[in-house]
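Numbered per mature numbering (1 follows the signal peptide of the UniProt record, and there is no 0), the sequence shown spans residues -18 to -1, 1 to 99. Where a beta carbon is used, it is the ideal one built from N, C-alpha and C, also for glycine.
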Amino acid sequence: MRNILLFVLIISGQLALAQMDSQPITEFKGFDDASELLLDVRTPEEYNQGSIDGAINIDWLSNEFNEKVAKLDKDKKVYVFCKKGGRSLKSQARLAELGFTNVVDLQGGYDAYLNKH
């Protein structure tokens, strides 16, 4: 029981340190390759039908999601999006659990982005 409580406190502390933010994807103006990442968490099939230029595809539904995102630079600001917003919100929380400190959920997803562009 004590170990569980300790684990919960550690995770809570990590989440508190992480900057979790969101913005409508329709207001997204692009990103700086040097200090930021754009993460598309849709399936490879969805990604291959089109994505935002420069986006890295790591499928939220994949069993290898944690392993693949662990290879990314945790010091960079990460913008994350999916098709409509559900998977990106879940992946934002997972990224924070994995030690990413600045993650922005692009609300509305790729569908909203396409409607604007």
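Just to confirm my understanding: we take residue i, look at its own chain, exclude 5 residues before and 5 after, and list those with CB closer than 7 Å. What are they?
i, result
"Tyr29", "Asp22, Asn39"
Kindly indicate which three-state DSSP category residue i falls into: helix, strand or coil?
i, result
"Ser44", "coil"
"Val62", "strand"
"Asp93", "helix"
Assign residue i to one of two classes, buried (16 or more other C-beta atoms within 10 Å of its C-beta) or exposed (fewer than that).
i, result
"Leu77", "buried"
"Ala52", "exposed"
"residue 126", "The structure shown does not extend to residue 126, since the chain spans only -18 to 99, so no value can be given for it."
I'd like the list of long-range same chain contacts for residue i, defined as Cβ closer than 6 Å, with 5 residues on each side in sequence excluded.
i, result
"Ser33", "Asp22"
"Gly36", "Leu20"
Any idea which residues DSSP pairs residue i with across the strands?
i, result
"Ile38", "Leu21"
"Asn84", "Gln1"
"Pro6", "Gln89"
With a threshold of 8 Å on Cβ separation, who are the neighbours of residue i within its own chain once the five nearest residues in sequence on each side are excluded?
i, result
"Gln1", "Thr83, Asn84, Val85"
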